[in-house]
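See structure below.
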Amino acid sequence: MPATPVVDPPFSILSEDFAADPYRYFAGLHQCAGAAFARAELETVAALLLPLLDGVRLAPGFRYRETGLYTRGPVALPLEFTPVRATAGTFRHLG
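With my numbering, letter number 81 in the sequence shown gets 146, and the count goes up by one each step, no holes.
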């Protein structure tokens with residue numbers, strides 16, 4: 066008797082099989098869609114605040130260590146700076 070051919074079922078991300086294994090394709094269905102927005106917010110805040118700080122530098126003893134799968138970045142980023150006294154009109158461009 067000839068062997069019965071084995072045929073894989075058609076692929077669908079809506080199948081229960083796919084939903085049960087969220088890590089099958091990289092980060093899967095549970096990848097955070099808000100990660101890109103959080104990164105954009107951080108970049109915007111940094112772009113607004115860093116020019117207002119004087120002598121921004123990494124804290125002594127800082128050691129770069131990465132974390133994350135999709136949004137790889139430093140575990141922490143301790144900074145030191147010299148406080149600057151606000152002058153009239155400092156925040157004019159923010160309003």
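Ideal placement from N, C-alpha and C gives every residue a C-beta, glycine not left out. In this text the structure is predicted, and so the values were computed from the model without any measurement.
Residue nearest to residue i in terms of C-alpha spacing, selected from the options
{"i": "PHE127", "options": "ALA111, LEU142 and ARG137", "result": "LEU142"}
{"i": "GLY138", "options": "TYR129, PHE146 and LEU144", "result": "TYR129"}
{"i": "PHE146", "options": "GLU131, LEU117 and THR132", "result": "LEU117"}
Straight-line Cα distance separating residue j from residue i
{"i": "LEU134", "j": "LEU107", "result": "18 angstroms"}
{"i": "ARG150", "j": "ARG122", "result": "18 angstroms"}
{"i": "VAL110", "j": "PRO125", "result": "24 angstroms"}
{"i": "PHE114", "j": "PHE102", "result": "The residue asked about is misnamed: residue 114 is Leu in this sequence, not Phe. Taking the straight line joining both Cα atoms gives about 18 angstroms."}
{"i": "ASP119", "j": "LEU144", "result": "12 angstroms"}
{"i": "THR132", "j": "PRO148", "result": "30 angstroms"}
{"i": "ALA112", "j": "ARG104", "result": "12 angstroms"}
Residue i - partner residues in DSSP beta bridges
{"i": "GLY11", "result": "Here the chain has residues from 66 to 160 only, and residue 11 is not among them."}
{"i": "ARG122", "result": "GLU145"}
Three-state class that DSSP yields for residue i in the structure shown
{"i": "ARG150", "result": "coil"}
{"i": "PHE102", "result": "helix"}
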